[in-house]
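> Sharing a structure with you now.
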Amino acid sequence: MENKGNKVDKGDKKLTLKEKISYGLGDFGNGFMFDLGQAYLLQFYTDVVGIAASAAGGIFLFTKIFDAFMDPLAGTLIDSRKPDKHGKFRTVMFFSSILLAIMTVITFTNPAKTPGSKLIFAYATYMLWGLLYSFTNVPYGSLGSVITQNTQERTLLATFRQVGSSAALLITGVVFIPLVTLFGNPRIGYPIITAVMGFIGVCAFYTTYKNTTEVVIHDPKKEEKITPRTLANAIVHNRALLTLILMTIFSISAYNIKTAMIVYYCKYNLGNARLVAYVNFFTIGCAVAGVSFVPKLVKKFGKKKTTIIGFSMSVIADTINFLLPGTHFVIFIILAAIAFVGISIPNAITWAFVSDAIDYGEWKTGERREGITYSVFNFSRKIAQSIAGALAGVGLGVVGYVANAKQSAHALLGIKGLLLLYPAFALLMAAIVLGVLYNLSDAKFSEIIAELRSRKSSKE
């Protein structure tokens, strides 16, 4: 469908169910590549390739920091791109997803023989993976802000996105390790199953590409130049975005360390790595069901209060789970499910927050920067991911973790703390940041959208 510009304001359009599902499938596809790296790559490095846990943590720390700086680059290039008949974001998103799928498979291989060459291969492949992820995820995230400007529709879009993400995490969390073990040799099983997952991911991204339409079109002026100062201004003059960045550093680091450590907890604390499938099925399944209530909660309490409620649920459940003695599986999994539902609620709303921050930035500065705003926000996510990866790897080393061996009581307590105590602390900080700093209410946002439309009408 060809875009004609903004002569007729389509920003308030109601989206069809097909459009919402198709948009959510983008994060479903994303999860089939991203979740593998967050949940299983650390264990692949330590238990299959044989890289020391602290060194593996360093891989996540430094490559994610590099990756974080690639997001503003991707956003800058995409924002300066002249829209074609498919819009500005969809084409870049889809074709980058194909390359990302290929790179995901390569990342789960490591033919090197010496410790040094193993590290070099891991660093190089994960850095390239991160670069391609930026050019896939930045346009996908930006797409949500140009499909509609209706605040309720954006909340629904964000919910469908979180459902897609959670569904992918559920599937990969339940079937990935069992399928890999079918091959006997994990060096064969990992790349083959990753290739299957990557193919599913690309198909999902194609559905997003085919069935969504960009209706808010910004054609960049030829004289526009995007500089580091432009990126800094995108944060300094946008309190909503700054708050989201600070909140996300805490919330995403909590989420990622939780997904990375669950396989270690099941394998060593619970004594059976295959329990990962059961834990993921129950916790993520409950989260998918819980997220379906987000639109009603947002309608009743607003985005800010609903997000704080979700954080609070997770903090309380994880704290109780950590303080309980022993490793009773039923109690653990019930509390883990409550915590996962809690953390999934903010994750569902976050993308609506980001779309609102894009409009808020345009209202404050007169410049609409979808790609830059999203990439700056994604920068904070990558920093959070680097913190989680480093903390998981280095933390395992500090507590005395030894790969594929019986762990000491100190190491088991450390694994439990990384899984439960750090997420509880981080999410408490996220709730405080949002509660104190975020100043964009739903009513205020409606006023901002009305003023933006008035400005556009006066220019026509």
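The numbering of the sequence shown is the working numbering, which starts it at -13 and goes up by one. Think of the CB as a built atom: it goes at the ideal place given N, C-alpha and C, for glycine as much as any other residue.
#1: With distances taken between CB atoms, is the gap from A378 to M233 smaller than 8 Å?
#2: By alpha-carbon positions, which one of A54, P311, T90, S372 ends up nearest to G15?
#3: Helix or strand or just coil, what does DSSP make of G352?
#4: So, at 7 Å on beta carbons, what are the nonlocal neighbours of G10 in its own chain, with the 5 sequence-adjacent residues on each side left out?
#5: Quick check: V124 and G61, are their CB atoms within less than 8 Å of each other?
#6: Using only CA atoms, which one of I401, G130, G312 lies nearest to V201?
#7: Could you tell me which whole alpha helix (DSSP H) segments of length 4 or greater appear in the region 231 to 305?
#8: Rounded to the nearest angstrom, how far is the Cβ of T229 from that of F431, given a contact under 8 Å?
#9: Which residues in the same chain have their Cβ closer than 7 Å to the Cβ of K448, if we skip the five residues on either side of it in sequence?
#10: Roughly how many angstroms lie between the CA atoms of K244 and A322, to the nearest whole one?
#11: Rounding to the nearest angstrom, what Cα-Cα distance links G257 and G312 in this structure?
#12: Can you name the residues that DSSP bridges to G73?
#13: Around the C-beta of P409, are 16 or more other C-beta atoms found within 10 angstroms, so that it is buried, or is it exposed?
#14: Is A226 near Y424, with beta carbons less than 8 Å apart?
#15: Just to confirm, are G357 and I133 a CB contact at a threshold of 8 Å?
#16: Could you check what DSSP says for V513 in three-state terms: helix, strand or coil?
#17: So V385 and G400 are in contact, right, with Cβ under 8 Å, and what is the actual spacing, rounded?
#18: With H, G and I counted as helix, E and B as strand and the rest as coil, what does DSSP make of G312?
#19: Can you say whether I317 is buried or exposed, counting buried as having 16 or more other CB atoms within 10 angstroms of its CB?
#20: Which of helix, strand or coil does DSSP assign to N390?
#21: Just mark R140 as buried or exposed, buried being the case when its beta carbon has 16 or more other beta carbons within 10 Å.
#22: Take Y31 as the anchor and find which of N96, H223, S278, R67 has the nearest alpha-carbon.
#23: Could you compute how far the alpha carbon of S8 sits from the alpha carbon of F191?
#24: Could you spell out the range, first to last residue, of the alpha helix (DSSP H) harbouring E5?
#25: Measure the beta-carbon distance from K71 to G375 and round it to whole angstroms, keeping in mind my assumption that it falls under 8 Å.
#26: Can you tell me where the alpha helix (DSSP H) holding V35 begins and where it ends?
#27: To the nearest angstrom, report how far apart Y241 and S443 are at their CA atoms.
#28: From this set, I231, I163, V34, I331, which residue's C-alpha is nearest S298's C-alpha?
#29: When you compare each of D342, G352, T100 to N219 by their alpha carbons, which one comes out closest?
#30: Short of 7 Å in beta carbon distance, which residues of its chain neighbour T435, apart from the five on each side in sequence? Order them along the chain.
#31: Leaving out five residues on either side along the sequence, give the residues of the same chain with a beta carbon under 7 Å from the beta carbon of N390.
#32: If we ignore side chains and look at the alpha-carbon of each, how far apart do D21 and G184 end up?
#33: Which residues bound the alpha helix (DSSP H) around V419?
#34: Rounded to whole angstroms, how far is the Cβ of I369 from the Cβ of A54, which I believe are closer than 8 Å?
Well, looking at it:
#1: Position 392 of the sequence shown, counted from the first residue, corresponds to residue 378. Position 247 of the sequence shown, counted from the first residue, corresponds to residue 233. No, they are not a contact pair.
#2: Here residue 15 is taken as the residue at index 29 of the sequence shown, counted from 1. Residue T90 is the option with its Cα nearest to G15.
#3: For the purposes of this step, residue 352 is identified with residue 366 of the sequence shown, where counting begins at 1. Reduced to three states, the DSSP call for G352 is coil.
#4: Position 24 of the sequence shown, counting from 1, holds the residue named residue 10. Excluding sequence neighbours, G10 sits near F146, R147, V149, G150.
#5: Position 138 of the sequence shown, counted from the start, is the residue given in the question as residue 124. Position 75 of the sequence shown, counted from the start, is the residue given in the question as residue 61. Yes, Cβ-Cβ distance for V124 and G61 is below 8 Å.
#6: Mapped onto the sequence shown, residue 201 falls at position 215. Taking only the C-alpha atoms, the option nearest V201 is G130.
#7: Within the region 231 to 305, the runs of alpha helix (DSSP H) that reach at least 4 residues and sit entirely inside it are, in chain order, 261 to 277, 280 to 287.
#8: Taking the first residue of the sequence shown as 1, we reach residue 229 at position 243. Taking the first residue of the sequence shown as 1, we reach residue 431 at position 445. Cβ-Cβ separation between T229 and F431: approximately 14 Å, too far for a contact (criterion under 8 Å).
#9: The chain is shown from -13 up to 446; residue 448 falls before or after that span and cannot be answered.
#10: Start at 1 with the first residue of the sequence shown, and residue 244 comes out as number 258. Start at 1 with the first residue of the sequence shown, and residue 322 comes out as number 336. Roughly 10 Å between the two C-alpha positions.
#11: As a position in the sequence shown, residue 257 is number 271, starting the count at 1. As a position in the sequence shown, residue 312 is number 326, starting the count at 1. Inter-residue distance for G257 and G312 is about 13 Å (C-alpha atoms, whole angstroms).
#12: The count along the sequence shown starts at 1 and reaches residue 73 at position 87. D70, per the DSSP bridge assignment.
#13: Mapped onto the sequence shown, residue 409 falls at position 423. Burial call: buried.
#14: As a working mapping, residue 226 is identified with position 240 in the sequence shown. As a working mapping, residue 424 is identified with position 438 in the sequence shown. Cβ atoms of A226 and Y424: closer than 8 Å.
#15: Within the sequence shown, residue 357 is the residue found at index 371, counting from 1. Within the sequence shown, residue 133 is the residue found at index 147, counting from 1. No, they are not a contact pair.
#16: With the chain running from -13 to 446 in the structure shown, residue 513 is simply not present.
#17: Here residue 385 corresponds to residue number 399 of the sequence shown, with the count starting at 1. Here residue 400 corresponds to residue number 414 of the sequence shown, with the count starting at 1. The pair is a contact, with the Cβ atoms about 3 Å apart (cut-off 8 Å).
#18: Counting from one through the sequence shown, the residue named residue 312 turns up at place 326. Residue state for G312 is assigned as coil, using DSSP reduced to three classes.
#19: Taking the first residue of the sequence shown as 1, we reach residue 317 at position 331. With fewer than 16 other Cβ atoms within 10 Å, it is exposed.
#20: Along the sequence shown, read from residue 1 onward, the residue named residue 390 stands at position 404. For N390, the three-state secondary structure derived from DSSP is coil.
#21: The residue labelled residue 140 in the question sits at position 154 within the sequence shown. Burial call: buried.
#22: For the purposes of this step, residue 31 is taken as the residue at position 45 of the sequence shown. Considering only alpha carbons, the answer is N96.
#23: Walking along the sequence shown from the start, residue 8 turns up at place 22. Walking along the sequence shown from the start, residue 191 turns up at place 205. If I take the Cα positions, the gap works out to 9 Å.
#24: Here residue 5 refers to the residue found at position 19 of the sequence shown. DSSP places E5 inside the alpha helix (DSSP H), whose first and last residues are 3 to 29.
#25: The residue given as residue 71 occupies position 85 in the sequence shown. The residue given as residue 375 occupies position 389 in the sequence shown. The beta-carbon distance between K71 and G375, rounded to whole angstroms, is 40 Å. This is too long to meet the 8 Å contact definition.
#26: Taking the sequence shown and counting its residues from 1, one reaches residue 35 at position 49. Premise fails: V35 is in no alpha helix (DSSP H) and is neither H nor E.
#27: Reading the sequence shown from its first residue, position 255 is the one you call residue 241. Reading the sequence shown from its first residue, position 457 is the one you call residue 443. One C-alpha to the other measures close to 43 Å.
#28: If you number the sequence shown from 1, residue 298 lands on position 312. Nearest C-alpha to S298: I331.
#29: Residue mapping note: residue 219 aligns to position 233 of the sequence shown, counting from 1. Minimum Cα distance to N219 is reached at G352.
#30: Start at 1 with the first residue of the sequence shown, and residue 435 comes out as number 449. Looking at the sequence provided, one finds Ile at residue 435 rather than Thr. If we look at I435 and ignore the five residues flanking it on each side, its Cβ neighbours are Q135, D345.
#31: Taking the first residue of the sequence shown as position 1, residue 390 is located at position 404. Within the same chain, and ignoring the five residues on either side of N390 in sequence, the residues whose Cβ sits closer than 7 Å to its Cβ are D33.
#32: Position 35 of the sequence shown, counted from the start, is the residue given in the question as residue 21. Position 198 of the sequence shown, counted from the start, is the residue given in the question as residue 184. Going by the C-alpha atoms only, they are around 11 Å apart.
#33: Counting from 1 along the sequence shown, the entry for residue 419 is found at position 433. V419 -> alpha helix (DSSP H) spans 408 to 423.
#34: As a first step, residue 369 is located in the sequence shown; it is residue number 383 there, counting from the start. As a first step, residue 54 is located in the sequence shown; it is residue number 68 there, counting from the start. Right, their Cβ atoms sit about 5 Å apart.
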